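Visitor:
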Amino acid sequence: MHNELEHARCVAPLLRGLPDAAAQPYDWREFQRRAHAAPAAAARVAAMRVLAATIVVVLAVGAAAIRLSGGPRPQHPSAATVTADNGAPAATSDLSPAERDEAAAQYWLERLPREPALVHVGTRAAVETLEDHIAQVDDLLSSERARRAPAAQLQTLQRKRAQLVSSLVQVRYAETLADASR
Numbered sequence: 224m225h226n227e228l229e230h231a232r233c234v235a236p237l238l239r240g241l242p243d244a245a246a247q248p249y250d251w252r253e254f255q256r257r258a259h260a261a262p263a264a265a266a267r268v269a270a271m272r273v274l275a276a277t278i279v280v281v282l283a284v285g286a287a288a289i290r291l292s293g294g295p296r297p298q299h300p301s302a303a304t305v306t307a308d309n310g311a312p313a314a315t316s317d318l319s320p321a322e323r324d325e326a327a328a329q330y331w332l333e334r335l336p337r338e339p340a341l342v343h344v345g346t347r348a349a350v351e352t353l354e355d356h357i358a359q360v361d362d363l364l365s366s367e368r369a370r371r372a373p374a375a376q377l378q379t380l381q382r383k384r385a386q387l388v389s390s391l392v393q394v395r396y397a398e399t400l401a402d403a404s405r
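In our numbering, each residue's number is its place in the sequence shown (first place is 1) plus 223.
Structure, rendered in structure tokens:
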């Protein structure tokens, strides 16, 4: 057991070894300088918080505007003209009924929003697969035109592309209806 006398004998020499006056951390002038600097630092921190809040609000408003507007939309051909395969405008009366249907389907697809807010994996996979097949047929059409393939072969590829675009229209229409019903 420890008694208080033994404790006092150990602590007393330690207390006597301490310096008489503890050094002050800084003087009155330093205290005043720091006291005047504190509000300025607090004002800078407050200004930075206001700036950060403003940036967050601007980004949120911009994101909401982009989300609600659906992003920039491409230029659509008018009802009277459609671009032909070589890129030059052609009157719709010069096109065959299949080409007019494909042009109308392409026009309808371009007016749809790029991506629905929520997607089902099955329909999204079908849309992406059809888009990939259309791109492959477009590449094949371009290479066949470059090597001057027979017209019958080009028409076969164009019919295949028209079927793929029609299928894409049907799937996207179903996807749009499902998205609107949520």
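Cβ coordinates follow ideal geometry from the N, Cα and C atoms, glycine included.
Source: prediction; values computed, not measured.
(1) So, helix, strand or coil for Arg382, using DSSP?
(2) Exposed or buried, Leu387, counting other C-beta atoms within 10 Å across all chains shown (16 or more means buried)?
(3) Give the C-beta separation of Gln376 and Glu367 to the nearest angstrom, bearing in mind that I take them to be a contact with Cβ-Cβ under 8 Å.
(4) Quick one: Cα of Glu325 to Cα of Asp317, how far?
(5) How long is the line joining the alpha carbons of Leu363 and Arg323, rounded to whole angstroms?
(6) Does DSSP put Gly240 in a helix, in a strand, or in coil?
(7) Roughly how many whole angstroms lie between the Cα atoms of Ala260 and Ala276?
(8) Three-state secondary structure (DSSP) at Pro295?
(9) How long is the line joining the alpha carbons of Ala372 and Ser292, rounded to whole angstroms?
(10) Verify whether the separation of the beta carbon atoms of Leu353 and Ser390 is less than 8 Å.
(11) When you compare only the Cα positions, how much space is there between Ala385 and Ala369?
(12) Quick check: what's the CA-CA separation for Ala288 versus Arg334?
Guide: By the coordinates alone:
(1) helix
(2) buried
(3) 6 Å
(4) 14 Å
(5) 21 Å
(6) coil
(7) 24 Å
(8) Because Pro295 sits at a pLDDT of 49, beneath the cut-off of 50, its placement in the model cannot be relied upon, and the following sentence gives the value as read from the coordinates. DSSP places Pro295 in coil when its eight states are reduced to three.
(9) 43 Å
(10) yes
(11) 20 Å
(12) 18 Å
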